[in-house]
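K.L.:
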Amino acid sequence: MNRTFRLAALLFLFSLPASAQESDARMDDLWKLLGVAPGAVAGAPRPWLGVGIEDSADPAGVRLTSVVPDSPAAKAGLAAGDVLVQWAGTALAGEGGPSKALLAAVGAAKAGDEVTLVYVREGNRAEAKVALVARPESGVRSREHPELPAPADGVPWDKTVFGGDTADQNLRVLAEVARTATYADDGGAFGSSPPNPFRLTEVNYLLEHPLHLPHVARGMAEEVRKAEEAGDLAALLAAFAARLDLPIERTPAPATLAKLSLLVVALRDRLAESNASRGKILKDLWQEEHWEILEIGGKILTESLETHEGRLFLDSALRLVNGGLAPIFQEGEKTAALLFANLGALSRGEVENDLVPVAAADPIVGVTGTVLFNDEWEGVGRIVVGGPEANRYAGKFAIVIDVGGDDVYQDVQAPNGCDSIVLDLAGNDFYSNGSRGQGYGLLASSFHVDLAGNDVYRGADEVQGVGVLGVGVLADLAGDDLYAADRVAQGGGVFGIGILLDVAGIDRYSAHQFAQGFGFTRGFGAIVERAGNDVYTAGGKYEDFREPGVATASLSQGFGFGLRPWDTRNWGSSGGIGAIFDYAGHDLYHGDYFCQGSSYWYALGVLYDAAGRDRYVASRYSQGAGIHLSVGVLLDAEGDDHYATPSIGVSQGCGHDLAAGILADLAGNDTYVSGSLAQGAGNDNALGVLVDLSGDDRYQARGQSQGHGTYLEARGFGSLGLLLDGGGADRYDLGGEDGKEVARERWGYCLDLTR
30 MNRTFRLAAL
40 LFLFSLPASA
50 QESDARMDDL
60 WKLLGVAPGA
70 VAGAPRPWLG
80 VGIEDSADPA
90 GVRLTSVVPD
100 SPAAKAGLAA
110 GDVLVQWAGT
120 ALAGEGGPSK
130 ALLAAVGAAK
140 AGDEVTLVYV
150 REGNRAEAKV
160 ALVARPESGV
170 RSREHPELPA
180 PADGVPWDKT
190 VFGGDTADQN
200 LRVLAEVART
210 ATYADDGGAF
220 GSSPPNPFRL
230 TEVNYLLEHP
240 LHLPHVARGM
250 AEEVRKAEEA
260 GDLAALLAAF
270 AARLDLPIER
280 TPAPATLAKL
290 SLLVVALRDR
300 LAESNASRGK
310 ILKDLWQEEH
320 WEILEIGGKI
330 LTESLETHEG
340 RLFLDSALRL
350 VNGGLAPIFQ
360 EGEKTAALLF
370 ANLGALSRGE
380 VENDLVPVAA
390 ADPIVGVTGT
400 VLFNDEWEGV
410 GRIVVGGPEA
420 NRYAGKFAIV
430 IDVGGDDVYQ
440 DVQAPNGCDS
450 IVLDLAGNDF
460 YSNGSRGQGY
470 GLLASSFHVD
480 LAGNDVYRGA
490 DEVQGVGVLG
500 VGVLADLAGD
510 DLYAADRVAQ
520 GGGVFGIGIL
530 LDVAGIDRYS
540 AHQFAQGFGF
550 TRGFGAIVER
560 AGNDVYTAGG
570 KYEDFREPGV
580 ATASLSQGFG
590 FGLRPWDTRN
600 WGSSGGIGAI
610 FDYAGHDLYH
620 GDYFCQGSSY
630 WYALGVLYDA
640 AGRDRYVASR
650 YSQGAGIHLS
660 VGVLLDAEGD
670 DHYATPSIGV
680 SQGCGHDLAA
690 GILADLAGND
700 TYVSGSLAQG
710 AGNDNALGVL
720 VDLSGDDRYQ
730 ARGQSQGHGT
740 YLEARGFGSL
750 GLLLDGGGAD
760 RYDLGGEDGK
770 EVARERWGYC
780 LDLTR
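Residue numbers (this note's numbering): 30 to 784.
1) If we count the other Cβ atoms within 10 Å of its Cβ and call it buried at 16 or more, is aspartate 531 buried or exposed?
2) Considering only the beta carbon of each residue, do alanine 120 and valine 112 sit closer than 8 angstroms?
3) Could you check where the beta strand (DSSP E) with lysine 158 kicks off and where it finishes?
4) Tell me whether asparagine 403 sits in a helix, a strand or coil according to DSSP, three-state version.
5) First and last residue of the beta strand (DSSP E) that includes leucine 566?
6) In the DSSP output, what is glycine 522 paired with across the bridge?
7) Do the segment 557 to 573 and the segment 602 to 617 touch if we need at least three Cβ pairs shorter than 8 angstroms?
8) Go ahead and label aspartate 781 buried or exposed: buried means 16 or more other beta carbons lie within 10 angstroms of its beta carbon, across all protein chains shown.
9) Assign valine 718 to one of two classes, buried (16 or more other C-beta atoms within 10 Å of its C-beta) or exposed (fewer than that).
10) Please list the terminal residues of the continuous alpha helix (DSSP H) segment that includes glutamine 359.
11) Which residue marks the beginning of the alpha helix (DSSP H) containing tyrosine 212, and which one marks its end?
12) Tell me which same chain residues have a C-beta within less than 8 angstroms of the C-beta of leucine 235, skipping the five on either side of it?
13) Comparing the C-beta of leucine 716 with each C-beta of chain B, is any distance below 8 angstroms?
14) Should the segment 718 to 733 be regarded as contacting the segment 759 to 775, the criterion being three or more beta carbon pairs within less than 8 angstroms?
15) When burial is assigned at 16 or more other CB atoms within 10 Å of the CB, is tyrosine 778 buried or exposed?
16) For serine 680 and leucine 751, I'd like the C-alpha separation in whole angstroms.
17) Suppose only complete runs of 3+ residues qualify. What are the beta strand (DSSP E) ranges in the segment 739 to 783, listed by chain order?
18) Measuring alpha carbon to alpha carbon, tell me which of Leu63, Pro76 and Asn445 ends up nearest aspartate 182.
19) In the DSSP assignment, what residue or residues form a beta bridge with glutamate 143?
20) At a threshold of 7 angstroms, does glycine 668 count as lining the ligand ZN (C-beta to nearest heavy atom)?
21) Name the one or two DSSP bridge partners that asparagine 712 has.
22) Below 8 angstroms, can you find three or more Cβ-Cβ pairs linking the segment 182 to 200 to the segment 140 to 160?
23) Would DSSP call threonine 597 helix, strand or coil?
24) When burial is assigned at 16 or more other CB atoms within 10 Å of the CB, is alanine 388 buried or exposed?
25) So, at 7 angstroms on beta carbons, what are the nonlocal neighbours of glycine 641 in its own chain, with the 5 sequence-adjacent residues on each side left out?
26) Hey, valine 564 and alanine 608 are a contact pair by Cβ (cut 8 angstroms); roughly how many whole angstroms apart?
27) When you compare each of Pro283, Gly434 and Ala673 to phenylalanine 369 by their alpha carbons, which one comes out closest?
28) Out of Ala155, Leu107, Asp84 and Ser171, point me to the one whose CA is closest to leucine 131's CA.
29) Using the Cα positions of glycine 168 and isoleucine 691, report the straight-line distance between them to the nearest angstrom.
30) What residue range does the alpha helix (DSSP H) around isoleucine 329 cover?
31) Identify every residue that forms a DSSP beta bridge with histidine 238.
32) Please identify the residue among Gly308, Asp391, Leu452 and Gly395 whose C-alpha is closest to the C-alpha of alanine 375.
33) Which value, in whole angstroms, describes the spacing of the CA atoms of leucine 330 and glycine 410?
34) Since serine 659 sits in a beta bridge, which residues does DSSP pair it with?
35) Within a Cβ cutoff of 7 angstroms, which residues of the same chain sit near glutamate 166, ignoring the five residues on either side of it in sequence?
36) Tell whether a beta-carbon distance below 8 angstroms holds between glycine 591 and tyrosine 631.
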């Protein structure tokens, strides 16, 4: 048994790829390409009406789906359900439809203008005078990054892009994307001051400095690597909490324990302390009626997104963000410090198993097989230690420790509202949950650790390293493992921290939605993969309305997600951080819409792959895409890689709607295949960049790609798309050539910098 533990420890401290120093040098080279700090040229503040809209056929016009409280529209007496038919005496109609006509009319106006609108309410026409104002500001600061180098001098393309005839337009794109960091986005629904309670300072920084996306992502990856190399999960939790603007303290390293019985007592006391602390926090924050709402948990995404309950959930979560979430993270950090400090001692054979089988007159409920310890502890819950043979566990447990054997865990969950630990020391194990297990923390911290064996993890929703208003961790330290789930799974953060850590082996991940490094509001969800040729699959079940019957929405594989306030509600929330950090192996990433280092609505998506010949396959809004005032990055450090989004583009370094998306590949002979609006494409006043530092590369795409920026008439300015290739013998579909700078008809550039 000790040999197994030692192997797990060696794998847990798996060394860096041999090319780590080369990767550092490549990041320096990348900074020389992207570390530019151009001066901003912003337009006048954009006017704001404060409504959600959709086309109306009868009467013909623009139906208001929502009206933001205290907005110009609300002050003018407009309400949800009204249909706007005229703006300043002109009918709202045109080739693009009434909604597009309204957007153009608002875009052509100025803050301070007073406009007369004609609308229809319950069949009656009426007029309203609306006084437009500048869009409200969030008042949220930006995170500082003093570790980044000073702006690079002599960037080889900045004079082309920021010094020519279209310089002002190109600079304006960056300025307007940066300006979005100042916008409030919650629809005014939460009555908070500043009027944006969920925005992350990291997202704000990257909106203001979008060309820094790869370096911020690499900084995160290095922070994660150092913590994982040291076997210090507590450091990882502290790092993620800081990125969520909820910093916590580091606990001094606990002493290791010489006997298994002492470890059981120490873990029991730690959970008792954590549960008591959290109980006081929650009692001070909420009245009784909040509890039922909070039990929604991850269903805020799968069932309650558009409901009144969903709105109440966010309101209750805000109370916790403002007063209790950081202390819950702190308790999770303390538990992680104790647990992982003793994993090393277990692996080195320094922990004596001093427990003997329990002689029970009756069968022990929920456990079959040898039991070494069985107790129920007030304020903690049930504690069980299983013997070295194959055991089976089912039910609610605060602590399960199993010392060996090929075990089965069936619907093992934490006691309601309490912390939990599952620690399996050896064996090829099978874990199955209908929902909520395998490292799922709801208003609590949950740790599921498997030290060795080829294991199978199966579940439905809210499983496999998910934190909802708490901390959830699944750590597998050795073996070839299989992870299968439906939604909200495999490293998911929803107002919390969710981590799936796999240290070694050839692993398979499959899920359908909101998974594999997914971050919702004030959440950080991550997969940390140390080594192995791994396969990630996400999507295939939940249709995307853009292509019903054809496409599905993955929202996975390093995806950050927030709620736009004007879709079908007048409230919204900034998104979180979703990330995959994969450090070695020839990996396959397969997804559909919205995945692979992408994001939606004031969120951050990161996919970082350090080494290997990797394949990335996805569809629209993927592979380094920022969608709607958001930022996403896919960073691949080395290897001959293949990127494919063949059906529809809007991917591979694409920004859409005042957003930024970057795909950066640092080395290797790579192939890029996509549809339109891809490979360095900016759309609707956004920035999209594909940068490939070296190698003989092949770029295949359809129109509006390979360095292309579109113009948005409604706002009166363009977008910026950049394809930057740093060397090698390359081939392009759309007019690029080795050693040449190609300026597109409008705001885009294909710049091959081969010398």
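Backbone N, C-alpha and C define an ideal beta-carbon position, used for all residues, glycine too.
P.N.:
Judging by the given coordinates:
1) buried
2) no
3) 153 to 160
4) strand
5) Inspection of the sequence shows that residue 566 is occupied by threonine rather than by leucine. Start and end: 564 to 567.
6) Gly496 and Gly548
7) yes
8) buried
9) buried
10) 354 to 376
11) According to the DSSP assignment, tyrosine 212 belongs to no alpha helix (DSSP H), since it is labelled neither H nor E.
12) His241, Leu242, Val245, Leu633, Val660 and Ala689
13) In the structure shown, chain B cannot be found, because there is only a single protein chain.
14) yes
15) Looking at its Cβ environment, which holds 16 or more other Cβ atoms inside 10 Å, tyrosine 778 is buried.
16) 13 angstroms
17) Runs of the beta strand (DSSP E) inside the segment 739 to 783: 749 to 754, 770 to 772 and 777 to 781.
18) Leu63
19) Ala160
20) The model on display carries no ligand, and the ligand ZN is accordingly not part of it.
21) His685
22) no
23) Residue confidence is low: threonine 597 scores 47 on pLDDT, short of 50, so the model does not pin down where it sits. No coordinate-derived value is stated.
24) Under this definition alanine 388 is an exposed residue.
25) Ala613, Gly614, His615, Asp616 and Gly668
26) That pair is no contact at about 18 angstroms.
27) Pro283
28) Asp84
29) 27 angstroms
30) 328 to 331
31) Answer is none; histidine 238 lacks a bridge partner.
32) In the sequence on display, residue 375 carries leucine and not alanine. Answer by Cα proximity: Leu452.
33) 29 angstroms
34) DSSP, once it has assigned bridges, lists no residue as partnering serine 659.
35) Thr211, Tyr212 and Ala213
36) Yes, Cβ-Cβ distance for glycine 591 and tyrosine 631 is below 8 angstroms.
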